[in-house]
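Residue numbers (this note's numbering): 6 to 531. Notes to accompany the following structure.
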Amino acid sequence: MTDGTALATSARVGAAMAPEEARPGAGRQAMNAALQPTLAELSRPGRGGGKVPHPPADALARIPASALRSAPLALPELNEPEVVRHFVNLSHLNYSVDSGFYPLGSCTMKFNPKLNEWAARLPGFATLHPLAPDELAQGTLELMHELQEALAEISGMAAVTLQPAAGAQGELTGILMIRAYHAARGDVARTEVIVPDSSHGTNPATASMAGFRTVTVPSAADGGVDLAALKDALGPHTAAVMLTNPSTLGLFERRIVELLDAVHEAGALAYMDGANMNAVLGRFRPGAAGFDVMHFNLHKTFSTPHGGGGPGAGPVACNERLAPFLPAPLVVKAAPGSYRLERPEERASAIGRVRAYQGNVGVLVRAFAYIRAHGASGLREISDDAVLAANYLRQRVGQGYELPYAGPCKHEFVASGRALRQATGVRTLDVAKRLIDHGFHPPTIYFPLIVDECLLIEPTETESVETLDLFAEALLAILTEAHDHPERVKSAPTSAPVRRLDEASAARKPELRWRPMTGAGTPCPT
Ligand SMILES: *Cc1c(COP(=O)(O)O)cnc(C)c1O
Numbered sequence: 006m007t008d009g010t011a012l013a014t015s016a017r018v019g020a021a022m023a024p025e026e027a028r029p030g031a032g033r034q035a036m037n038a039a040l041q042p043t044l045a046e047l048s049r050p051g052r053g054g055g056k057v058p059h060p061p062a063d064a065l066a067r068i069p070a071s072a073l074r075s076a077p078l079a080l081p082e083l084n085e086p087e088v089v090r091h092f093v094n095l096s097h098l099n100y101s102v103d104s105g106f107y108p109l110g111s112c113t114m115k116f117n118p119k120l121n122e123w124a125a126r127l128p129g130f131a132t133l134h135p136l137a138p139d140e141l142a143q144g145t146l147e148l149m150h151e152l153q154e155a156l157a158e159i160s161g162m163a164a165v166t167l168q169p170a171a172g173a174q175g176e177l178t179g180i181l182m183i184r185a186y187h188a189a190r191g192d193v194a195r196t197e198v199i200v201p202d203s204s205h206g207t208n209p210a211t212a213s214m215a216g217f218r219t220v221t222v223p224s225a226a227d228g229g230v231d232l233a234a235l236k237d238a239l240g241p242h243t244a245a246v247m248l249t250n251p252s253t254l255g256l257f258e259r260r261i262v263e264l265l266d267a268v269h270e271a272g273a274l275a276y277m278d279g280a281n282m283n284a285v286l287g288r289f290r291p292g293a294a295g296f297d298v299m300h301f302n303l304h305k306t307f308s309t310p311h312g313g314g315g316p317g318a319g320p321v322a323c324n325e326r327l328a329p330f331l332p333a334p335l336v337v338k339a340a341p342g343s344y345r346l347e348r349p350e351e352r353a354s355a356i357g358r359v360r361a362y363q364g365n366v367g368v369l370v371r372a373f374a375y376i377r378a379h380g381a382s383g384l385r386e387i388s389d390d391a392v393l394a395a396n397y398l399r400q401r402v403g404q405g406y407e408l409p410y411a412g413p414c415k416h417e418f419v420a421s422g423r424a425l426r427q428a429t430g431v432r433t434l435d436v437a438k439r440l441i442d443h444g445f446h447p448p449t450i451y452f453p454l455i456v457d458e459c460l461l462i463e464p465t466e467t468e469s470v471e472t473l474d475l476f477a478e479a480l481l482a483i484l485t486e487a488h489d490h491p492e493r494v495k496s497a498p499t500s501a502p503v504r505r506l507d508e509a510s511a512a513r514k515p516e517l518r519w520r521p522m523t524g525a526g527t528p529c530p531t
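Rendered as structure tokens:
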């Protein structure tokens with residue numbers, strides 16, 4: 006318990022301190038009341054905890070001497086309410102979609118219907134053993150089969166695997182399938198994967214993990230892929246091109262047909278990063294447009310709360326050409342009205358498993374419930390509303406901030422604080438920190454890397470116009486403040502449990518465990 010407790014508080018305190026302060030016990034000054042002491046600091050000898058009611062008088066004597074500790078464990082001693090309050094109070098420090106607007110771009114942090122949580126917790130789904138035989142898992146298999154078909158329909162693809170546990174793993178799965186496809190044709194000279202410079206970091210990481218060299222092509226002035234640069238990079242060494250559409254700039258790639266023709270003419274395959282599908286449901290089907298394979302992020306597009314590190318699901322959809330290479334086992338129809346998993350070796354061309362069991366099934370249940378609750382027209386409406394909200398907010402934020410790309414956006418947009426920095430010295434990081442004082446979670450900043458002083462903002466379809474207005478007004482108020490009192494913006498946040506974090510130290514020298522403090526005034530043994 007000591008380590009788990011320490012994680013929450015100590016990591017924050019460690020991160021909050023300047024490097025020279027970052028030693029055990031020096032965190033007190035960096036705390037305010039909300040960042041309460043650790044359980045070890047609250048501990049009082051002999052209080053609560055670890056009690057066995059009425060142990061037999063000779064309990065200790067019954068334990069072999071070799072199994073007895075020579076000294077008691079250095080565990081904190083507290084009563085139960087103190088422990089409960091400690092954790093509940095810590096949990097209140099979390100910012101969440103349930104407590105406020107969360108405009109992170111490239112993440113789609115939307116409000117997720119509680120109905121889907123109920124569905125995922127139904128005992129038949131939640132308590133099914135992962136090794137249950139098909140006969141005992143018919144309901145779950147049917148749901149998975151229907152979800153495979155729904156995602157194939159939505160993507161315009163032929164077949165779907167639900168196994169990958171996240172978007173990044175879906176990418177790896179898709180690129181491994183492309184590798185297997187080229188290998189099966191004896192085309193072993195294809196050692197490169199092309200990605201645009203606006204791509205998410207997982208794209209080049211995926212290419213490397215699958216054994217390819219990453220070739221980066223620049224974006225054109227309109228934010229789309231530079232077609233000439235792409236054509237130059239394409240060749241007999243190209244295995245695949247990974248495109249995100251709409252892109253991480255929130256822009257739909259207008260030259261998609263030309264781009265995909267060029268990719269296929271070079272003998273390469275086209276991978277679509279589908280993290281932004283919430284912008285184009287029912288409006289754009291990647292398979293019909295000519296993409297060979299793509300992933301979904303069910304936790305972004307089809308409702309699953311995320312942001313705390315998972316779990317997610319990254320199903321992969323592909324066309325007929327790649328279907329033989331999908332990981333096994335898929336869920337297939339057996340006799341009419343019944344379902345089964347593919348048997349081992351049933352499809353020899355499969356790349357194998359990419360994850361234990363059948364993926365994160367709870368996430369699949371939520372996605373299924375979401376898709377069925379909305380239906381085809383409802384899904385299209387979700388995308389239309391997401392695009393409307395983003396364009397509304399873009400127009401309002403554009404009243405003060407630069408908008409580097411002309412024209413309407415899809416589900417998210419980039420703004421730039423470059424002129425603000427030039428005029429006042431206030432940076433996008435400062436604006437983001439000041440937003441916390443206005444009660445808002447900051448948007449994504451400094452990504453995509455190609456926009457100077459970048460803010461990447463995604464409102465999602467679930468926010469009201471009043472919320473969007475309040476957020477835009479906060480951003481514009483900070484702009485005024487930056488001109489009148491730049492030092493106030495630069496020293497934000499003032500209302501949060503911690504002030505500026507030393508992000509370099511937090512990343513490079515994270516303090517992930519509490520170490521006992523020694524000396525007078527501490528409750529802990531040396
Ligand atoms: C979120 C995201 C990913 C990675 O997906 P995970 O589910 O977080 O692994 C990849 N590409 C883009 C564009 C994304 O937004």
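Cβ coordinates follow ideal geometry from the N, Cα and C atoms, glycine included.
C-beta contact flag for residue i and residue j at 8 Å
i      : j      : result
VAL368 : GLN168 : no
LEU148 : VAL370 : yes
ALA293 : LEU156 : no
PRO291 : SER160 : yes
ALA233 : ILE199 : no
ASN94  : GLY53  : no
LEU181 : ILE356 : yes
GLU461 : GLY110 : Inspection of the sequence shows that residue 461 is occupied by Leu rather than by Glu. Yes, Cβ-Cβ distance for LEU461 and GLY110 is below 8 Å.
GLU592 : PRO334 : As displayed, the chain neither begins before 6 nor continues past 531, which places residue 592 out of reach and without an answer.
ALA45  : PRO86  : no
HIS187 : ALA131 : no
LEU408 : ALA391 : no
THR196 : HIS242 : yes
TYR276 : ILE183 : yes
HIS300 : GLY383 : no
THR465 : LYS119 : no
ASP202 : ILE455 : yes
LEU425 : LEU484 : yes
ALA124 : ALA374 : yes
Residues that residue i bridges to, as DSSP identifies them
i      : result
VAL230 : SER224
LYS338 : TYR344
SER421 : GLU407 and CYS459
THR243 : GLU197
TYR362 : BP columns for TYR362 are empty, so no partner.
ILE450 : LEU460
GLY279 : PHE301
CYS323 : ALA164 and VAL298
THR249 : ASP278
LEU109 : ILE462
Counted within 10 angstroms of its Cβ, other Cβ atoms place residue i as buried (16 or more) or exposed
i      : result
ARG513 : exposed
ALA21  : In this prediction, ALA21 scores a pLDDT of 35, lower than 50, which makes its location untrustworthy; the coordinate-derived value is nonetheless stated afterwards. ALA21 should be labelled buried.
GLU417 : buried
ALA27  : Note that ALA27 scores 35 on pLDDT, short of 50, meaning its location in the model is unreliable and no value can be drawn from it.
SER224 : buried
GLU516 : buried
PHE92  : exposed
LYS438 : buried
VAL102 : buried
TYR107 : buried
ASP435 : buried
SER343 : exposed
GLY314 : exposed
ASN117 : buried
ILE376 : buried
VAL193 : exposed
ALA70  : exposed
GLN427 : exposed
GLY403 : exposed
TYR406 : buried
GLU154 : exposed
THR499 : exposed
SER48  : buried
is_contact[residue i, chain E] using C-beta, thresh 8 Å
i      : result
ALA328 : Within the model displayed, chain E is absent; a lone protein chain is all it includes.
Near ligand 2: residue i beta-carbon under 7 Å from a heavy atom
i      : result
PRO447 : Absence of ligand 2 is noted for the structure shown, with ligand 1 being the only ligands found.
(request) At 3 residues or longer, and completely inside the segment 138-224: list those beta strand (DSSP E) runs for me, N to C. (result) Those beta strand (DSSP E) runs which fall completely within the segment 138-224 and span 3+ residues are 164-166, 197-201 and 218-222.
(message) Just to be sure I understand the criterion: a residue counts if its Cβ is closer than 7 Å to at least one heavy atom of ligand 1. Which residues meet that?
(response) With the cut-off at 7 Å, the residues found are SER111, CYS112, ALA171, GLY172, ALA173, GLN174, GLU176, HIS205, THR207, ASN208, THR249, THR253, ASP278, ALA280, ASN281, ASN302, HIS304, LYS305, GLY317 and GLY319.
(request) Please list the segments of the alpha helix (DSSP H) lying wholly inside the segment 53-106, counting only runs of 4 or more residues, in order along the chain. (result) The segment 53-106 contains, as complete alpha helix (DSSP H) runs of 4+ residues, the segments 85-96 (chain order).
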